[in-house]
Structure formats: structure tokens, C-alpha cells
Amino acid sequence: MTKKTTLLAVNGTLMRGLGLNPNLTNVGGTFVREDRTDAHYRVWSINDRHPGMIRVTEGGAHVALEVWSLPLDAFATVLSNEPAGLSIGKVKLENGEEMLGVLAEPWLVEGQREITATGGWRAYTGHHHIA
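In terms of numbering that gives the first Met the number 0, the sequence shown opens at residue 0 and continues consecutively.
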């Protein structure tokens, strides 16, 4: 019997080669593809430790992310290890597809450095994607 899985869009330290990526790989998560949000997101650096992304109606941009496949039974484990202020919501991709993804609660980004113009966490931190 195959395990049930779900897709999760991640835009920060859960991505390949970054600090929290083992939170995905250790529970059987598998990389699916690189992608981007539609042009309705803004992203901030939270104390230069991780990003916080929020969907907006105006002034947004495309944000680079990765799509991962996660076993459903591992979902709560991954979520419980995320930094405070991050949550799961629906993220709309560039092609119009919607899936679960990591988003920030609005209070988290208050007073933080907006990095939307960089295109995403990897570009901001200089951690280029893994081939």
C-alpha cells in the first residue's frame, strides 16, 4: 500500500541545501521541482534567519520556491519544527495551481527587512540552488 502524500511549497530554509531541509528529508519528503508564486507575494527577512512570505492584493511579485512531496503522516512533524509565526496556507503558483505552502503571519514581518525585490530567500542570502 502506498503512503498518501501532499505537495508543500517552501520558500526559505526548508529548501534543498539550507538549514531546515533535513526537516523534510528526514520524514521522507522528496523534492519535486523549483517553481515561483504568482505575482501577489511579498517576502521579508526575519532577523536574517528565515523568510516570511505574505500574499497581497497589490505591490506583490513572483517569489522563488520549491515544491516538495510529503507523506501526510509526516506533515505535523514538519509543521511543529517551523519557526514561530510561520503557518500553512494556500499558495498560488505562477501557472495558477494552488497548493499548501509556508506563509508568515502578518505580525512576524513587522519591522523586518523586505526582500521582495531580490526574488526570494536564495537570491537574498546568496545560497544558490542545488543542481
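Quick reminder that beta carbons are idealized off the backbone N, C-alpha and C, glycines included. Note that the structure is a prediction, hence the values are computed from the model and not measured.
Neighbour-count burial assignment, residue i, 16 or more Cβ in a 10 Å radius
i, result
"Thr115", "buried"
"Ala75", "exposed"
"Thr36", "buried"
"Pro105", "exposed"
"Val55", "exposed"
"Arg48", "exposed"
"Leu7", "buried"
"Asn46", "exposed"
Contact belief for residue i with residue j at Cβ below 8 Å, rounded distance in angstroms
i, j, result
"Gly84", "Ala103", "6 Å"
"Leu69", "Thr12", "Contact flag wrong, Cβ pair sits at about 16 Å."
"Asn10", "Leu78", "So it is not a contact: roughly 15 Å between Cβ atoms."
"Trp43", "Val108", "4 Å"
"Glu97", "Asp34", "Actually they are not in contact, since the Cβ atoms of Glu97 and Asp34 sit about 12 Å apart, beyond 8 Å."
Straight-line gap, residue i to residue j (C-alpha atoms, nearest Å)
i, j, result
"Thr24", "Gly95", "27 Å"
"Tyr40", "Ala122", "16 Å"
"Lys2", "Gly27", "10 Å"
"Thr124", "Pro50", "10 Å"
"Asn22", "Ile87", "15 Å"
"Asn80", "Leu17", "15 Å"
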